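Asker: If you scroll down you'll find the structure; I have some questions about it.
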Amino acid sequence: MTIRLLLADDHPVVRAGLRAVLDTEPDFTVVAEAATAERAVELAASEPVDVVLMDLQFGTGMHGSAATAAITARAGAPRVLVLTTYDTDADILAAVEAGASGYLLKDAPPEELAAAVRTAAAGQSALAPAVALRLMDRMRTPAEALTKRELEVLQLVADGLSNQQISKRLFLSQATVKSHLVHVYAKLGVDSRTAAVATAAARRLIRTP
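For what it's worth, the numbering used here labels the leading residue of the sequence shown as 966, then goes sequentially.
Structure, rendered in structure tokens:
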């Protein structure tokens, strides 16, 4: 059986490299490419696709996790395999919650990528070993792990947003934003926004600009 693929990445060189690697597999065929997340959503709905290889960051416009959620919400939708350079808890949780069937890092060897595509196409979970380990660590210490919402708030703090801006972005009250930050500080053992961002970035919980 041929597995039909859609490559979604804003870098032409990356897409060309992926196509070159995937074309060596006899049961793969790349049927479409998308340079934006919005275009990936359109193509996933209009083209005969089995697996979408989805980047997370597209420069401008829709995020890869939002595109993943839009694609997987449809009945009979293709599987989405996230292929990214980011291995933070914030990115992983957002992608998994959005419905991604797998999460792989771009430095994965070709044979690991091919295996992940086949696993995702079969409807099973395909996680990079490092990603699986991070998820297992969260499960082992749930009381210490930041929740998805806490990670979202802290990521926006790292991006330079004020509490007021965060409340508007996430449709939360400023009191709720402050409450999330209090919990973040307690879990990370810090007492300021700057220290929280630095500690979370060092632990690869969030990305810093």
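Just so it is clear, CB atoms sit at the ideal spot from N, CA and C, and this is done for glycine as well. The structure presented is a predicted model; accordingly, all values stated were derived computationally and were not measured.
Looking at the structure shown, is Ala1091 part of a helix, part of a strand, or coil, going by DSSP?
Answerer: strand
Asker: Secondary structure at Met1019, three-state DSSP: helix, strand or coil?
Answerer: strand
Asker: Using 8 Å as the threshold, is the C-beta distance between Ala1005 and Ala1032 below it?
Answerer: Cβ distance < 8 Å, so Ala1005 and Ala1032 count as in contact.
Asker: Quick one: give me the first and last residue of the beta strand (DSSP E) that Arg1044 is part of.
Answerer: 1044-1049
Asker: Roughly how many angstroms separate the alpha carbons of Val1014 and Ala1097, rounded to a whole number?
Answerer: Straight across, the Cα-Cα distance linking Val1014 with Ala1097 is about 26 Å.
Asker: Taking the alpha carbon of Asp992 as the point to measure from, which residue in Leu1137, Gln1139, Thr967, Asp1020 has its own alpha carbon closest?
Answerer: Thr967
Asker: When the Cβ atoms of the region 1039-1054 are set against those of the region 1063-1082, are three or more pairs found closer than 8 Å?
Answerer: They touch, by the three-pair rule.
Asker: Which partner residues does Ile968 have in the DSSP bridge list?
Answerer: Phe993
Asker: Using DSSP with H/G/I as helix, E/B as strand and the rest coil, what is Leu1069?
Answerer: strand
Asker: Is the Cβ-Cβ distance between Thr994 and Arg969 less than 8 Å?
Answerer: Yes, the Cβ-Cβ distance between Thr994 and Arg969 is below 8 Å.
Asker: Count the other CB atoms, across all protein chains shown, that sit within 10 Å of the CB of Ser1157; report buried if there are 16 or more and exposed otherwise.
Answerer: exposed
Asker: Assess, as a yes-or-no matter, whether the region 1099-1113 is touched by the region 1022-1032 under the definition of 3 or more beta carbon pairs within less than 8 Å.
Answerer: Because the criterion of three Cβ pairs below 8 Å is not met, the region 1022-1032 and the region 1099-1113 do not touch.
Asker: Does Ala1040 come out as helix, strand or coil in the three-state DSSP assignment?
Answerer: coil
Asker: Once the 5 residues before and after Gly1088 are set aside, which same chain residues still bring their CB inside 8 Å of it?
Answerer: Arg1044, Ser1066
Asker: Tell me whether Val1016 is buried or exposed, calling it buried when 16 or more other Cβ atoms sit within 10 Å of its Cβ.
Answerer: buried
Asker: Locate the alpha helix (DSSP H) running through Val1162, then write down its first and last residues.
Answerer: 1158-1167
Asker: Measure the C-alpha to C-alpha separation of Ala1035 and Thr1053 and round it to an integer number of angstroms.
Answerer: 22 Å
Asker: Using DSSP with H/G/I as helix, E/B as strand and the rest coil, what is Glu1077?
Answerer: helix
Asker: Below 8 Å between beta carbons: does that hold for Leu971 and Leu1008?
Answerer: yes
Asker: Tell me, which residues are paired with Glu998 by DSSP?
Answerer: Glu998 is bridged to Leu972.
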